[in-house]
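In the order they appear, the protein sequences are chains A and B.
Note that the working numbering has the first sequence beginning at 1, numbered continuously upward.
Note that the working numbering has the second sequence beginning at 1, numbered continuously upward.
For reference, the structure discussed in these notes is given below.
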Amino acid sequence: MNLLITADYRELSQAAGQLVAQALLHDPDAVLALPTGETPKGMYEALIRLYQEGLVDFSRATAFNLDEYLDIPPDHPQSFSAYMRRYLWDHVNLAKDKVHIPASLPEDPEAECIRYEELIRKSGGINLAVLGIGENGHIAFNEPGTLWETPTHVAVLSQETREREAQAFGRLEHVPTHAITMGIKTIMRARRVLLLASGEEKAGILARALSGPITIDVPASILQLHPNLTVVADRAAARGLAG
Amino acid sequence: MMKVRVIRGNLILPDRVIEDGLLVIKDEKIEGVYRPEELPSLDFVEFIDRRNHWISPGLIDVHLHGALGKEVMDGEVESLRQMASHQAACGVTGFFPTTLTASLEAMTAAIEAVKEAKKENLPSEILGIHLEGPFVSLKRKGAQDPKHIREINDQELERLTESLNGLKTLITIAPEAGRNLDYIKKMTELGWVVSIGHSDATYDEARKAIEAGSNHATHLFNAWREFHHREPGGIGAVLDNDRVFVELIADGIHVHPCFIRLAVFRKGKDRVCLITDSLKETGLPDGTYAWGGLEVVLKGNEIRLKDSGVLAGSVLHLNHGVKNVLNWTGLTVPEVVSMASLTPAKSVGLEAELGSLEKGKLANLAVFDQNFETVETYLRGRRVYPERK
Numbered sequence: 001m002n003l004l005i006t007a008d009y010r011e012l013s014q015a016a017g018q019l020v021a022q023a024l025l026h027d028p029d030a031v032l033a034l035p036t037g038e039t040p041k042g043m044y045e046a047l048i049r050l051y052q053e054g055l056v057d058f059s060r061a062t063a064f065n066l067d068e069y070l071d072i073p074p075d076h077p078q079s080f081s082a083y084m085r086r087y088l089w090d091h092v093n094l095a096k097d098k099v100h101i102p103a104s105l106p107e108d109p110e111a112e113c114i115r116y117e118e119l120i121r122k123s124g125g126i127n128l129a130v131l132g133i134g135e136n137g138h139i140a141f142n143e144p145g146t147l148w149e150t151p152t153h154v155a156v157l158s159q160e161t162r163e164r165e166a167q168a169f170g171r172l173e174h175v176p177t178h179a180i181t182m183g184i185k186t187i188m189r190a191r192r193v194l195l196l197a198s199g200e201e202k203a204g205i206l207a208r209a210l211s212g213p214i215t216i217d218v219p220a221s222i223l224q225l226h227p228n229l230t231v232v233a234d235r236a237a238a239r240g241l242a243g
Numbered sequence: 001m002m003k004v005r006v007i008r009g010n011l012i013l014p015d016r017v018i019e020d021g022l023l024v025i026k027d028e029k030i031e032g033v034y035r036p037e038e039l040p041s042l043d044f045v046e047f048i049d050r051r052n053h054w055i056s057p058g059l060i061d062v063h064l065h066g067a068l069g070k071e072v073m074d075g076e077v078e079s080l081r082q083m084a085s086h087q088a089a090c091g092v093t094g095f096f097p098t099t100l101t102a103s104l105e106a107m108t109a110a111i112e113a114v115k116e117a118k119k120e121n122l123p124s125e126i127l128g129i130h131l132e133g134p135f136v137s138l139k140r141k142g143a144q145d146p147k148h149i150r151e152i153n154d155q156e157l158e159r160l161t162e163s164l165n166g167l168k169t170l171i172t173i174a175p176e177a178g179r180n181l182d183y184i185k186k187m188t189e190l191g192w193v194v195s196i197g198h199s200d201a202t203y204d205e206a207r208k209a210i211e212a213g214s215n216h217a218t219h220l221f222n223a224w225r226e227f228h229h230r231e232p233g234g235i236g237a238v239l240d241n242d243r244v245f246v247e248l249i250a251d252g253i254h255v256h257p258c259f260i261r262l263a264v265f266r267k268g269k270d271r272v273c274l275i276t277d278s279l280k281e282t283g284l285p286d287g288t289y290a291w292g293g294l295e296v297v298l299k300g301n302e303i304r305l306k307d308s309g310v311l312a313g314s315v316l317h318l319n320h321g322v323k324n325v326l327n328w329t330g331l332t333v334p335e336v337v338s339m340a341s342l343t344p345a346k347s348v349g350l351e352a353e354l355g356s357l358e359k360g361k362l363a364n365l366a367v368f369d370q371n372f373e374t375v376e377t378y379l380r381g382r383r384v385y386p387e388r389k
């Protein structure tokens with residue numbers, strides 16, 4: 001594991017942006033898996049800036065989102081496709097046919113999962129997966145208890161995850177109950193994983209994930225076994241890590 | 001709670017290497033070998049990260065006499081403890097203490113000590129015993145004591161069987177000497193592995209021994225009749241047969257690397273057992289040591305009689321034998337490691353539990369660095385080298 005501790009969130013964002021840019025410079029055809037949430041917003045800003053400065057080119061890259069809610073329209077402001085348009089897609093030269101996100105209103109969610117997993121496989125597999133970590137240790141929407149064998153699947157959102165989103169959706173009942181997410185297995189197949197963690201509220205879970213027992217109760221703990229893991233954490237989030 | 005641990009490294013399987021693979025150990029057995037994305041959902045209480053290291057099946061040596069100043073013929077349990085501790089330091093998790101030609105009394109004393117030591121939790125397991133002699137050839141005695149070399153008879157076989165009391169037995173005999181050939185069938189019926197060695201057998205005599213049930217050859221090329229194109233001798237007979245396992249001392253001194261290659265490429269990884277045949281000076285610092293009335297000089301990987309300069313035996317470590325054969329043959333790591341693990345296990349019928357990193361087998365393994373020096377050794381899932389203080 002490579003661990004990079006930055007002074008603050010701004011530095012974390014720049015470092016993460018540079019690591020993604022490096023992956024694209026190294027392999028312009030790279031296949032990326034990209035997250036949503038608060039933590040990666042700064043990374044996307046950094047990437048957009050690098051793109052505007054002509055330092056990084058997305059034209060040949062492929063991007064898969066880690067996950068998407070089910071049962072909300074794709075143009076819903078809280079959907080992950082809306083998020084991605086807002087924070088990345090609309091600002092860089094990703095080719096439309098190389099940007100993928102699970103359908104939020106599929107006729108058959110199970111079939112959609114199979115299609116998505118197959119699409120990843122056909123694209124040659126993920127070169128770099130960028131992840132955040134939930135306060136309960138989730139990665140993408142793989143909540144505690146998710147089996148490692150699972151590929152892309154329909155996930156039931158935990159109560160705590162839904163409560164955290166209640167404000168964004170107006171009220172708890174409006175928060176979707178399900179999502180489609182890449183599985184632990186999908187993520188572990190990525191050739192490289194970049195895990196981002198920011199803020200002191202992540203310090204406890206980051207320490208448990210990276211130096212605690214490897215267990216399905218802390219989904220991110222399996223990343224200890226990934227052969228090519230880079231962790232970028234700001235000082236506040238890294239507080240619980242030894243060394 | 002079940003204790004499940006995972007070790008990461010370059011896993012040496014019988015037919016391939018899994019780079020950055022994960023070996024999962026449940027209690028004392030191997031739960032499985034996996035790539036990271038193939039892991040079943042298990043809760044690991046411990047993660048042992050040995051990246052850039054080889055994770056090898058624990059090595060198995062079916063022929064060694066001593067180490068750290070002690071030897072099997074001391075007839076003492078403490079000597080076997082010392083030997084086991086040296087084996088663990090070489091990545092060897094199972095071995096056959098090997099006796100020398102001696103009186104029946106000295107042999108039974110050694111056998112009793114081996115049986116006692118086998119009951120202890122040693123850092124390397126005693127899998128059985130190798131009786132090298134006394135039913136060997138005077139002409140090809142090597143370092144065996146000529147005054148105790150003799151022919152086998154019913155009474156002595158009975159006494160030995162009684163003393164061995166079911167201990168797994170490998171015996172080196174010269175089939176051409178006396179009536180030894182007639183006893184091969186009896187020995188195999190007792191469950192013994194009968195090995196041709198210290199033998200002047202002709203090609204035909206060795207063929208008869210193989211037909212009678214012998215399927216092992218003791219340190220091939222050392223103490224054998226010369227290999228000749230009109231009389232291939234025992235060497236020709238065992239090399240020409242696809243069933244016989246052959247032991248090789250791969251220290252670069254006992255057998256020229258050219259002959260190691262000839263044997264390895266003829267027999268293949270499934271019939272070559274790398275051994276050390278190591279003496280009690282193995283693992284000691286360089287210096288002069290007393291040997292009965294003689295003095296021997298240990299220097300590096302050679303041990304010679306002080307007066308004559310004659311080779312006294314081997315002080316090889318089995319992990320170095322593996323490294324040597326890798327260098328001399330250009331074979332793959334799994335192929336050469338098999339010759340010091342799975343193949344010797346097969347040669348003594350212990351491959352169901354030992355010899356490879358496979359689900360269901362005992363979690364016996366060695367962690368080697370890129371140079372095949374031992375970093376750690378695990379026996380039944382427990383770390384035995386370096387010793388925990």
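From the three backbone atoms N, C-alpha and C, an ideal C-beta is built for every residue, glycine too.
Reduced DSSP secondary structure (H/G/I, E/B, other) of residue i
i        : result
Thr146/A : coil
Gly233/B : helix
Glu189/B : helix
Thr332/B : coil
Gly9/B   : strand
His86/B  : helix
Lys26/B  : strand
Arg192/A : strand
Val337/B : helix
Ser79/B  : helix
Asn2/A   : strand
Gly21/B  : strand
Tyr222/A : The sequence as given places Ile at residue 222/A; Tyr does not occur at that position. Three-state DSSP puts Ile222/A in a helix.
Ile129/B : strand
N-terminal and C-terminal residue of the alpha helix (DSSP H) that residue i is part of
i        : result
Arg266/B : Pro257 to Lys267
Pro109/A : Pro109 to Lys122
Glu156/B : Asp154 to Leu164
Leu210/A : Ala203 to Ser211
Thr343/B : Leu342 to Ser347
Arg49/A  : Lys41 to Gln52
Arg10/A  : Tyr9 to His26
Ala209/B : Tyr203 to Ala212
Val114/B : Leu104 to Lys118
In DSSP terms, what residue i is bridged to
i        : result
Cys273/B : Glu247/B
Trp246/A : Look at the range of chain A in this structure, 1 to 243, and you will see that residue 246/A is not part of it.
Leu305/B : Val296/B
Gly313/B : Ile303/B
His178/A : Val156/A
Tyr69/A  : Ala179/A
Thr374/B : Phe368/B
Phe64/A  : Ala33/A and His100/A
Leu229/A : Val193/A
Arg383/B : Tyr378/B
Environment of residue i [buried if 16+ CB atoms lie within 10 Å]
i        : result
Asn222/B : buried
Phe44/B  : buried
Asp251/B : buried
His317/B : buried
Glu55/A  : Reading off the sequence shown, one finds Leu at residue 55/A, where the question assumed Glu. Exposed, by the Cβ-count rule.
Thr288/B : exposed
Ser103/B : exposed
Asp234/A : buried
Ile7/B   : buried
Lys3/B   : exposed
Leu24/A  : buried
His86/B  : buried
Endpoints, beta strand (DSSP E) assigned at residue i
i        : result
Leu34/A  : Val31 to Leu34
Arg50/B  : Glu46 to Pro57
Thr288/B : Gly287 to Trp291
Gly94/B  : Val92 to Thr99
Whole-number beta carbon distance between residue j and residue i, since they are thought to touch under 8 Å
i        : j        : result
Ala209/A : Met182/A : That pair is no contact at about 17 Å.
Leu32/A  : Ala63/A  : 5 Å
Glu158/B : Arg380/B : With 8 Å as the limit, Glu158/B and Arg380/B do not qualify as a contact, their Cβ atoms being about 35 Å apart.
Leu4/A   : Tyr44/A  : That belief does not hold up - the Cβ atoms of Leu4/A and Tyr44/A are roughly 18 Å apart, past 8 Å.
Closer than 6 Å: residue i CB and nearest the ligand ZN heavy atom
i       : result
Leu59/B : No copy of the ligand ZN occurs in the structure displayed, which carries no ligand at all.
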